[in-house]
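Below is one structure; the comments refer to it alone.
In UniProt numbering, the protein residues as written are 1 to 136.
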């Protein structure tokens, strides 16, 4: 393979990589990213989104974290959410390791009902690791 062929292949690989994940039909995903950091905080701590938007939490630390909605602190007609797929805060608290996200793992939830949602990282609740999603 000569130098020109190598450059062509490299350029093609770069274009393929750059376009990976792009949606067809010109639409874009409504995803808001929240980081879980080493300093026991959600960043940003509070997000305001439109109904139908997905929030993607990503563990950017080496410490395990959870995303757990507080029962009674989400709209009454909204779906409960928790990493690990739990259906209640009590269930999530009874099996913390089942909802733990390790380094690099993500959890997503799509918010369809307007209102305010309060959530917590159970292992780091005493450190103040809480967050809020406001859906307009």
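Where a beta carbon is used, it is the ideal one built from N, C-alpha and C, also for glycine.
Model, not experiment: these values are computed from the prediction.
ask   = Just the Cα atoms here: how many angstroms apart are residue 22 and residue 103?
value = Residue placement at residue 22 is poorly supported in this model, since its pLDDT is 37, which falls under 50; the coordinates still yield a value, given next. About 25 angstroms.
key: Spatially closest choice to residue 29 from 60, 133, 116, 49, by CA coordinates   = 49
From this set, 111, 97, 106, which residue's C-alpha is nearest residue 37's C-alpha?
106
Given the structure, does residue 115 come close to the ligand MN, in the sense that its CB is under 7 angstroms from one of the ligand's heavy atoms? You won't find the ligand MN in this model; it holds no ligand whatsoever.
Using 10 angstroms around the beta-carbon of residue 69, count the other beta-carbons present and answer buried if the total reaches 16, otherwise exposed.
buried
Quick one: is residue 72 buried, meaning 16 or more other Cβ sit within 10 Å of its Cβ, or exposed?
exposed
Point to revise | Cβ neighbours of residue 111 in the same chain (closer than 8 angstroms, five flanking residues each side left out) | key: 49, 51, 52, 53, 54, 55, 78, 117, 133, 135
Simplified DSSP state of residue 137, which is helix, strand or coil = Outside the modelled stretch of the chain, which goes from 1 to 136, sits residue 137, for which no answer is possible.
Next item on the list: Determine the extent of the beta strand (DSSP E) in which residue 59 is found, giving its start and end residues.
Entry: 53-59
Please state the DSSP three-state secondary structure of residue 37.
coil
Check your understanding: How many Å lie between residue 126 and residue 41 at the Cα?
Key -> 11 angstroms
#### Entry: Run of the beta strand (DSSP E) containing residue 108, from where it starts to where it stops
106-111
- State the DSSP-derived secondary structure class of residue 67, mapped to helix, strand or coil. coil
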